[in-house]
Amino acid sequence: MFECIWHLPGFKNYQRCQSGVMCVEPYEPQSDKSHEKPGKDSELPGDLELRSESGARSESEVSTAPETRRRRRNQEQASRKRGRRHRGRLVGLFFGALLFAVFVCAMFFVYHAFSLKEHITAVREEASALQSGLLTEDRQQTARHLTVIASHLLAAEKDADSLSWRMASLAPYVGSDVRAVRTLAAGLGDIANNALPQLEQAVTIFSVQDVAIADGAVSLPNLAQAAPHLREASTSIHLAAQRLTGMPEAKVPELRSQIDEATELFRSVDAGIEAVANFAEIAPQMLGLNGEAPRSYLVLSQNNAELRPRGGMPGSWGIVTSENGKLGVEPFVSVGELGWLKEPVVKLSVEEEQLFTSKLARIGQDVNFTPDFPRTGEIAKAMWMERFGREVDGVIAIDPAALQHVLAVTGPVTLSDGTTLDGENAEEQLLHQIYLEKPVQQQDAFFAEAAVAAFTGLMTYQGSPLPCMFAIAQSAFEGHVLLWSAHRDEQRVLNSTGISGALVTETDDPRIGVYFTDQTQSKMDWFLRREVSIVSERVIDGALREYEVEVSLSNTMTEEQVGVMPGYVLGGSSNSQLRPGSIDTAIYLYAPAGGGIVESQFSDGGGFDSISTHEGLTVGLKTVILEPGESMFMKVHVQSSVGVLKEARLEQTPYTLGR
Numbered sequence: 018m019f020e021c022i023w024h025l026p027g028f029k030n031y032q033r034c035q036s037g038v039m040c041v042e043p044y045e046p047q048s049d050k051s052h053e054k055p056g057k058d059s060e061l062p063g064d065l066e067l068r069s070e071s072g073a074r075s076e077s078e079v080s081t082a083p084e085t086r087r088r089r090r091n092q093e094q095a096s097r098k099r100g101r102r103h104r105g106r107l108v109g110l111f112f113g114a115l116l117f118a119v120f121v122c123a124m125f126f127v128y129h130a131f132s133l134k135e136h137i138t139a140v141r142e143e144a145s146a147l148q149s150g151l152l153t154e155d156r157q158q159t160a161r162h163l164t165v166i167a168s169h170l171l172a173a174e175k176d177a178d179s180l181s182w183r184m185a186s187l188a189p190y191v192g193s194d195v196r197a198v199r200t201l202a203a204g205l206g207d208i209a210n211n212a213l214p215q216l217e218q219a220v221t222i223f224s225v226q227d228v229a230i231a232d233g234a235v236s237l238p239n240l241a242q243a244a245p246h247l248r249e250a251s252t253s254i255h256l257a258a259q260r261l262t263g264m265p266e267a268k269v270p271e272l273r274s275q276i277d278e279a280t281e282l283f284r285s286v287d288a289g290i291e292a293v294a295n296f297a298e299i300a301p302q303m304l305g306l307n308g309e310a311p312r313s314y315l316v317l318s319q320n321n322a323e324l325r326p327r328g329g330m331p332g333s334w335g336i337v338t339s340e341n342g343k344l345g346v347e348p349f350v351s352v353g354e355l356g357w358l359k360e361p362v363v364k365l366s367v368e369e370e371q372l373f374t375s376k377l378a379r380i381g382q383d384v385n386f387t388p389d390f391p392r393t394g395e396i397a398k399a400m401w402m403e404r405f406g407r408e409v410d411g412v413i414a415i416d417p418a419a420l421q422h423v424l425a426v427t428g429p430v431t432l433s434d435g436t437t438l439d440g441e442n443a444e445e446q447l448l449h450q451i452y453l454e455k456p457v458q459q460q461d462a463f464f465a466e467a468a469v470a471a472f473t474g475l476m477t478y479q480g481s482p483l484p485c486m487f488a489i490a491q492s493a494f495e496g497h498v499l500l501w502s503a504h505r506d507e508q509r510v511l512n513s514t515g516i517s518g519a520l521v522t523e524t525d526d527p528r529i530g531v532y533f534t535d536q537t538q539s540k541m542d543w544f545l546r547r548e549v550s551i552v553s554e555r556v557i558d559g560a561l562r563e564y565e566v567e568v569s570l571s572n573t574m575t576e577e578q579v580g581v582m583p584g585y586v587l588g589g590s591s592n593s594q595l596r597p598g599s600i601d602t603a604i605y606l607y608a609p610a611g612g613g614i615v616e617s618q619f620s621d622g623g624g625f626d627s628i629s630t631h632e633g634l635t636v637g638l639k640t641v642i643l644e645p646g647e648s649m650f651m652k653v654h655v656q657s658s659v660g661v662l663k664e665a666r667l668e669q670t671p672y673t674l675g676r
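Quick note, the sequence shown lines up with residues 18 to 676 if you use our numbering.
The structure is reproduced here in structure tokens:
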């Protein structure tokens, strides 16, 4: 018995025929699916399959099966080939479009890169013109410089914010470099939008051309009115500068160089504007202007031939007064007139006693043993009150290098003995020649007269006051002028400036300090040569910075000079360990706040004499004795606080000029 199964296109049922009789019944048509491609298990329309009831295939079925399978395979292969060709064309089109897009983006990236560089270069040139023009140009020209700078800053920000740069910031390897540039440009944009309008407003109110010194009086018209605008500008610039803190170093050398240069300019502007804002905020009241109460300041004339951490031994003390801007100077006295106190004039901390001994607050020559000048100011004020019963509003420290800078502007002064001090010889005359030419009993009077003459020359100067201001600013930058105010609101402003000479104890502003104190009780430091530098740094685990600091000292005096130098210069008579011509120096190395000293190496094979703390800072103390012609070398590794990636700044005892 056979079962005949007819597969007819368009029908869903089939007919059975038994005993050779075919039954024909009407079929129910179904939807036409002839357009569908046959699959592996599908059947071709119109095929006739014969199956026995037992499931055995018929002879016809066996004979037609291979042909059917071949047709199916051929159709499947053809279908796959068509699919592969189609997919290949799509992939090709995709990658072609992608490459074209990358090329276009690269072209735009390069275009904006060159444009950004041109704008930053223009900013530097315009800023230089602005700085040089401050002495000669009027306020309208100054405002024009600021407007041009603002336009270039905004254009630079626009270049760095372009689509091509945003896309490039996502790229591997160089993406972080691009992001660094964009961060820098965004900071420049902030300055253009927020700071420069305030500066333009300030220069329309106050101009440095209005500053005047006449008949010993200082005039700063409208500076107090400009101060709020300068403070707003300084705050905006400082906030923008903070965005650069901890920015990763660029990998591409050329880009790294450009970023470093721009960043340094950025920080320099930040520091400069902050200094101007600080000056505008406190100068009128510190000078007794605008109806403020008269002021008096104690001046310490430091002698760098006998080193102290922030300068030199304060050999002469005197008073400078200011009433409504009019300056006056009183006769200076030798530090010897203060006498040696039996008890400290202020209460010292345990740390101060250990590091500097009680001499810090008992002996006038040693009030600046500490590198924290505000503390020196407090002690000197108390000591002056103890000896002369007079209150002062602050303390100013100057040294011969500062006098030489000022005399280069105001002109030479001639002392009663005929000695002329000028912008070339003041330092050498006061630190060295005097000891060769004058007996000890005349030296104090010489120093006092020189200090008064220099101040008098400044107050009677008839030229433009701006060069004098720059000379004083340069002296402050080099550490040759320091200022402490007894008024807390003023000192709070001063503490954020370099002229304060304050120890920095904030972890987010790391400083490495290397300071020197003479222990020879001589004037031998004229012959002491020293080099201090940060020679390398590295970031550890992305969490902190480690620095390698090198210090070298040399005693340049020769044996021949020992034989002809006055005993007052050579010293050593009160210390049996020293022979004439030797230099006994205490070195204080301060690690950044929150950090510490990791390791150290000394050319003598030893180590630090002690490691302690001062105002929360880790301090290493080393005493070195150098005989004539002898040198020493030390290498110290220090770390900043964990999480602070801002680079540390190096602070040290100021050098004498040309050394």
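Note that CB positions come from ideal geometry on N, CA and C, so glycine has one too.
Per DSSP, the bridge partner or partners of residue i
i      : result
Gly206 : Its beta-bridge partners do not exist; DSSP assigns none.
Met400 : Answer is none; Met400 lacks a bridge partner.
Phe628 : In the sequence as displayed, the identity of residue 628 is Ile instead of Phe. Per DSSP, Gly637.
Tyr314 : Val337 and Gly411
Glu668 : Gly530
His654 : Glu565 and Glu616
Ile230 : Val235
Thr437 : Thr431
Ser648 : Ser571
Gln319 : Pro331
Arg547 : Leu570
Leu643 : Ile600
Arg325 : Gly328
Cα-Cα separation between residue i and residue j, rounded to whole angstroms
i      : j      : result
Leu638 : Tyr605 : 5 Å
Ile413 : Ala172 : 45 Å
Ala399 : Gly559 : 47 Å
Glu395 : Arg312 : 17 Å
Glu554 : Val316 : 39 Å
Ile557 : Val198 : 24 Å
Leu475 : Arg404 : 28 Å
Pro443 : Gln578 : The residue you asked about is not Pro; residue 443 is Ala in the sequence shown. About 22 Å.
Glu563 : Val653 : 10 Å
Gly289 : Gly233 : 27 Å
Thr630 : Ser569 : 23 Å
Arg260 : Ala202 : 11 Å
Phe522 : Pro326 : The sequence given here has Thr at residue 522, not Phe. Thr522 and Pro326: Cα-Cα distance of roughly 17 Å.
Ala167 : Ile208 : 8 Å
His246 : Ala470 : 38 Å
Glu441 : Ala493 : 19 Å
Leu483 : Pro456 : 39 Å
Asp64  : Thr85  : Note on Asp64: pLDDT 43, under 50, position unreliable in the model; no value is reported.
Asp434 : Ser253 : 54 Å
Leu344 : Ala244 : 23 Å
Glu360 : Ala258 : 47 Å
Residues of its chain near residue i, where Cβ-Cβ distance is below 6 Å and the 5 sequence neighbours each way are ignored
i      : result
Asn295 : Val510 and Thr514
Leu358 : Arg379
Val552 : Glu565 and Glu567
Val165 : Glu143
Ala465 : Ser333 and Phe349
Glu664 : none
Leu667 : Ile529 and Ile551
Proximal residues to residue i (C-beta, below 8 Å), its chain only, five neighbours per side dropped
i      : result
Gly328 : Gln319, Asn321, Asn385, Ala414, Asp416, Gly496, His497, Leu499, Thr670 and Pro671
Leu163 : Leu147, Leu213, Leu216, Glu217 and Val220
Ser517 : Phe390, Pro391, Leu499, Leu500, Trp501, Gln508 and Leu511
Leu595 : Thr537, Gly588, Gly589, Asp601 and Ile642
Asn239 : Ile222, Phe223 and Asp227
Cys485 : Ile230, Val423, Val426, Thr427, Leu475 and Tyr478
Glu548 : Glu567, Val568 and Ser569
Same chain only: Cβ atoms within 7 Å of residue i, ignoring 5 sequence neighbours per side
i      : result
Asp389 : Ala519, Leu520 and Glu632
Phe625 : Ser617, Gly637, Leu638 and Lys639
Going residue by residue through the region 552-615, where are the continuous beta strand (DSSP E) segments of at least 3 residues, counting only ones entirely within it? 561-572 and 600-607
contact_flag[the region 532-545, the region 420-429] where n(CB pairs < 8 Å) is 3 or more: Output reads no: the region 420-429 does not touch the region 532-545.
State whether the region 435-454 contacts the region 525-536, with contact taken as three or more CB pairs (one from each stretch) at a distance under 8 Å. no
Would the region 338-352 count as touching the region 302-316 if we require 3 or more Cβ pairs under 8 Å? yes
Let me know the alpha helix (DSSP H) ranges lying completely inside the region 332-379, each 4 residues or longer, listed in chain order. 367-373
Stretch-stretch touch, CB-based, cutoff 8 Å, three pairs: the region 283-294 with the region 404-411: No, they do not touch.
Could you say if the region 607-624 and the region 365-374 meet the contact criterion of at least three C-beta pairs nearer than 8 Å? In the pairwise beta carbon analysis, the region 607-624 is classified as not touching the region 365-374: fewer than three pairs are separated by under 8 Å.
Runs of alpha helix (DSSP H) lying entirely within the region 471-517, each at least 4 residues, in chain order: 482-494 and 505-511
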